[in-house]
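Residue numbers (this note's numbering): 17 to 430. Scroll down for the structure; my scribbles are underneath it.
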Ligand SMILES: Cc1cc2nc3c(=O)[nH]c(=O)nc-3n(C[C@H](O)[C@H](O)[C@H](O)COP(=O)(O)OP(=O)(O)OC[C@H]3O[C@@H](n4cnc5c(N)ncnc54)[C@H](O)[C@@H]3O)c2cc1C
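Take a look at the structure:
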């Protein structure tokens, strides 16, 4: 104890670690935040394309989060939810704004979020130590942690090391190495919110296309599609990307890891209901009878996509529509709505936004204290909880960070 103040060490100065340090310092503890990189909160700057989508007004835990122990998740959001996040940032002097439910700093600059957190750490006298990579944890009534150079001692420890998602291997987090020696059960790590790599040779011809589409993911052995999402899809020289693809990527990653076949169907005109679509096809076929097949197709989908679809249907771009059979033209229309691709992998974790998996939620109490290691708390991406795109992952970082910080400051087992 420092005087009679409890000493708390927070390993990792990212979103959850900064939140945890502030919560523990506000509760009266002497807090040290240890960050491996030259500054805290570096990943925050890249979030939301530099705008930091830090939460979402429309949060439904079972819909928006995944975990092998998903039944444990509601109890955490009951302790610190979206409204608490808004109040927390307001208490740090940061105004927020809402776009389609997503919450952002009013300036729409991620730097403002980082700055507000750094100033709050300063205000509460948190000792921020950068360039300090913790390599070892030893517990002997107190916690001893070492960075190679020196050993530090704390009454309580909070692990907030994040994951390797979005980081070059040089900067990749190694927090999971720290927990391995503590005997905590780990759910295997997988990249999530990441682009999918596909088998088909036509992808280089589609590279650069961005279009409104629906992605339907299918996994071998599952009776129905496992995920369906609409939005802007990006076609790349290796496969499919964009938010709808990110949203289904963790299911693809998990199935591929289990050795299952994974495929997706793209619908390039998802806004048409079946009756409207039938009428539209009939009209397009009539109207374009004297036009080139390519003109018909590129009037409906992006030109690069149109060329690939024609090739797959055995149609020639320059031939008049009227010289083709109705069946062949309608096969083209069918492919626009159900374009199959074979998913062979995901991009690496360095290009993912988050990782799925981590320390099992069964290993921690409702206050995020490790059941097997009293006095040790975990938060953020180190835990087996990952969210959809839309501010849900940062919301988890604030939720879990504040809970860990508050309860590390309290009595063990409270
Ligand atoms: C490109 C990109 C965009 C994103 N956009 C959004 C978005 O708009 N909205 C959203 O909700 N989520 C977004 N995310 C996800 C979000 O950034 C993460 O979920 C969140 O940052 C996780 O917080 P964390 O505290 O667990 O980990 P991090 O923020 O990764 O922090 C962990 C910290 O621990 C440090 N560390 C690791 N090991 C050690 C060690 N041994 N010793 C000392 N320090 C260590 C690391 O250097 C790092 O600073 C995005 C992610 C990426 C990559």
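Beta carbons are placed, not taken as given, at the ideal position from N, Cα and C, and that holds for glycine.
Residue i, DSSP secondary structure in three states
i, result
"residue 254", "coil"
"residue 202", "strand"
"residue 167", "strand"
"residue 248", "strand"
"residue 156", "strand"
"residue 490", "One cannot answer for residue 490 here, as it falls past the ends of the chain, which runs 17 to 430."
"residue 98", "helix"
"residue 84", "coil"
"residue 54", "coil"
"residue 24", "strand"
"residue 232", "strand"
"residue 59", "helix"
"residue 429", "Low per-residue confidence applies at residue 429: pLDDT is 49, beneath 50, and the placement is therefore not dependable, though the value from the model is reported in the following sentence. Coil at residue 429, not helix or strand."
"residue 187", "helix"
"residue 227", "strand"
"residue 261", "helix"
"residue 140", "coil"
"residue 385", "strand"
"residue 413", "helix"
Cβ-Cβ separation, residue j to residue i (assumed contact under 8 Å), whole Å
i, j, result
"residue 31", "residue 410", "6 Å"
"residue 57", "residue 134", "7 Å"
"residue 176", "residue 33", "3 Å"
"residue 261", "residue 278", "Contact doesn't hold; Cβ gap of about 12 Å is too wide."
"residue 46", "residue 21", "5 Å"
"residue 61", "residue 127", "6 Å"
Residue i to residue j span [Cα, whole Å]
i, j, result
"residue 400", "residue 166", "31 Å"
"residue 398", "residue 303", "57 Å"
"residue 149", "residue 131", "22 Å"
"residue 140", "residue 26", "14 Å"
"residue 36", "residue 224", "41 Å"
"residue 109", "residue 102", "11 Å"
"residue 188", "residue 365", "10 Å"
"residue 85", "residue 300", "50 Å"
"residue 452", "residue 285", "Nothing about residue 452 can be reported from this structure: the residues present for the chain run from 17 to 430 only."
"residue 266", "residue 212", "10 Å"
"residue 145", "residue 50", "5 Å"
"residue 330", "residue 181", "42 Å"
"residue 231", "residue 349", "17 Å"
"residue 233", "residue 268", "8 Å"
"residue 416", "residue 403", "13 Å"
"residue 322", "residue 338", "18 Å"
"residue 374", "residue 81", "14 Å"
"residue 313", "residue 319", "8 Å"
Neighbour-count burial assignment, residue i, 16 or more Cβ in a 10 Å radius
i, result
"residue 23", "buried"
"residue 358", "exposed"
"residue 434", "Summary: the structure shown does not reach residue 434, with the chain confined to residues 17 through 430, and so no result is reported for it."
"residue 59", "buried"
"residue 171", "buried"
"residue 87", "exposed"
"residue 420", "buried"
"residue 252", "buried"
"residue 183", "buried"
May I have a chain-ordered list of the beta strand (DSSP E) segments no shorter than 3 residues that lie completely inside the region 322–382?
355–362, 370–375
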